[in-house]
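Student: In my numbering, the protein residues as written are 42 to 228.
(1) Using only the alpha-carbon positions, how far apart do residue 122 and residue 151 sit?
(2) Grab the span of the beta strand (DSSP E) containing residue 213 for me, first residue to last.
(3) Roughly how far, in whole angstroms, is the beta-carbon of residue 200 from the beta-carbon of residue 166, given that I think they are within contact range, below 8 angstroms?
(4) Reducing DSSP to helix, strand and coil, say where residue 156 ends up.
(5) Report the option in 212, 134, 176 whose CA atom is closest to the CA atom of residue 97.
(6) Measure the alpha-carbon distance for residue 118 versus residue 224 and round it to whole angstroms.
(7) Kindly indicate which residue of 228, 212, 181 has the alpha-carbon position closest to the one of residue 147.
(8) Which residues does DSSP pair with residue 161 in a beta bridge?
(9) Following the continuous beta strand (DSSP E) through residue 94, name the residue where it begins and the one where it ends.
(10) Measuring straight from C-alpha to C-alpha, what distance separates residue 111 and residue 128?
(11) Among 155, 138, 192, which residue has its Cα nearest to the Cα of residue 177?
(12) Are the Cβ atoms of residue 90 and residue 81 separated by less than 8 angstroms?
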């Protein structure tokens with residue numbers, strides 16, 4: 042199943058890359074987990090699409106495809122907002138359960154007005170039971186970070202992530218929780 046998902050995500054990214062305007066590649070890691078996210082904006086459109094992977098060597102894997110629209114809340118505030126959704130496939134190692142979910146949510150990115158190149162960002166996507174399938178009964182994907190733009194097309198950051206699935210087994214299955222370091226490239 043994983044090979045099919047890798048293939049799907051690769052083909053999806055390549056399919057839109059020829060008609061895309063700008064791209065971001067985001068990579069972050071800690072001692073137990075690595076996450077990668079690729080996003081591109083479709084030419085002549087406000088729509089952004091992407092794909093990503095979160096792998097925790099002890100707790101499981103999450104694959105997703107994303108879509109969202111984003112724009113400045115207003116030009117003076119330095120606040121960028123995005124709203125959309127993600128289609129997830131999860132393989133939870135703790136409970137040996139897997140399934141899919143559709144998370145709705147978005148992000149806020151605030152460029153701090155008095156500190157050049159420093160910004161705060163937070164993303165949240167939530168899939169309630171009605172949008173979760175198979176052995177998954179819900180999913181929460183939350184992250185927050187402080188990022189610094191080192192050059193025009195590159196950021197480094199420190200962040201926190203909480204990714205957890207509610208499964209048919211009792212309790213919640215943490216897929217990753219804790220701090221991480223990362224880089225984001227814009228091209």
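We put the beta carbon where it would ideally sit given N, CA and C, even for glycine.
Tutor: By the coordinates alone:
(1) 9 angstroms
(2) 213 to 227
(3) No, residue 200 and residue 166 are not in contact; Cβ-Cβ is about 15 angstroms, not under 8 angstroms.
(4) coil
(5) 134
(6) 24 angstroms
(7) 181
(8) 151, 187
(9) 88 to 97
(10) 18 angstroms
(11) 138
(12) yes
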